[in-house]
Structures are given as C-alpha cells and as structure tokens.
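Enquirer: Heads up: the sequence shown begins at 464 in my numbering, then just goes up one per residue. Every residue gets a Cβ at the ideal spot worked out from N, C-alpha and C, and that includes glycine. Below is one structure. I have some questions about it.
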Amino acid sequence: MLDLIQPIYSPCYGKVENILDNESYHIYEWEKLFLIREKNGSVKEIRVGVSGLVTTQNVKENQNETPNTVLAKIKEDLFITGSD
Numbered sequence: 464m465l466d467l468i469q470p471i472y473s474p475c476y477g478k479v480e481n482i483l484d485n486e487s488y489h490i491y492e493w494e495k496l497f498l499i500r501e502k503n504g505s506v507k508e509i510r511v512g513v514s515g516l517v518t519t520q521n522v523k524e525n526q527n528e529t530p531n532t533v534l535a536k537i538k539e540d541l542f543i544t545g546s547d
C-alpha cells in the first residue's frame with residue numbers, strides 16, 4: 464500500500480504561537496494543530512481535513528514563518544471517519 468505523506472503549509476505570514484501536537488502524535492480531521500499570530504495581531508487556528516500520524520514537526524514555537532513554510536508532515540491513515 465502506498466503511504467500518503469501530506470505537507471501542512473502555513474496559510475499566512477506570522478509567528479508560531481502554539482504547537483498543539485507532537486511528532487509521532489495521531490491527529491484527527493479538523494483537529495487544531497497550530498496557532499499562528501499574524502502580523503496584524505490576529506490568531507489563526509491551523510486545522511486540516513486529514514487524519515493520520517504526524518511524521519515530521521518542522522517548526523518551533525515563536526518561529527517566524529511564511530506561506531511557503533511547511534509546518535508539519537502527516538502520514539494519512541485513510542480511515543473513513545464521520546464528523547458533525
């Protein structure tokens with residue numbers, strides 16, 4: 464079976480304020496992964512529509528990042544899950 468590794472990119476310019484998962488941590492669809500403080504002061508919650516294992520954590524708290532920054536990589540588990 465083919466492993467699907469999905470990179471999670473930052474959607475904005477800012478600073479990583481909080482990392483809510485760890486490497487080797489299993490995440491679920493739409494779970495909060497990161498909080499990023501944008502340059503205008505607002506905080507953006509980073510969520511993704513996949514579930515799986517965090518294989519790589521590429522940033523640290525208080526690190527500046529751009530929309531080209533890969534925050535983490537997730538190995539999708541491809542389980543079908545439901546949500547409200």
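1) With C-beta atoms as the reference, is residue 522 less than 7 Å away from residue 534?
2) Pick from 507, 469, 531, 539: whose alpha carbon is nearest that of residue 483?
3) I believe residue 474 touches residue 530 by the beta-carbon criterion, under 8 Å. Please report the beta-carbon distance rounded to the nearest angstrom.
4) Please classify residue 468: is it buried, with 16 or more other beta-carbons within 10 angstroms of its beta-carbon, or exposed?
5) For residue 477, which residues in the same chain have their Cβ closer than 8 Å to its Cβ, ignoring the five residues on either side in sequence?
Expert: Considering the structure as presented:
1) For the 7 Å CB-CB criterion, residue 522 and residue 534 form a contact.
2) The shortest Cα separation from residue 483 among 507, 469, 531, 539 belongs to 507.
3) A Cβ-Cβ separation of about 6 Å places residue 474 in contact with residue 530 under the 8 Å criterion.
4) exposed
5) 499, 500, 501, 502, 507, 527, 528
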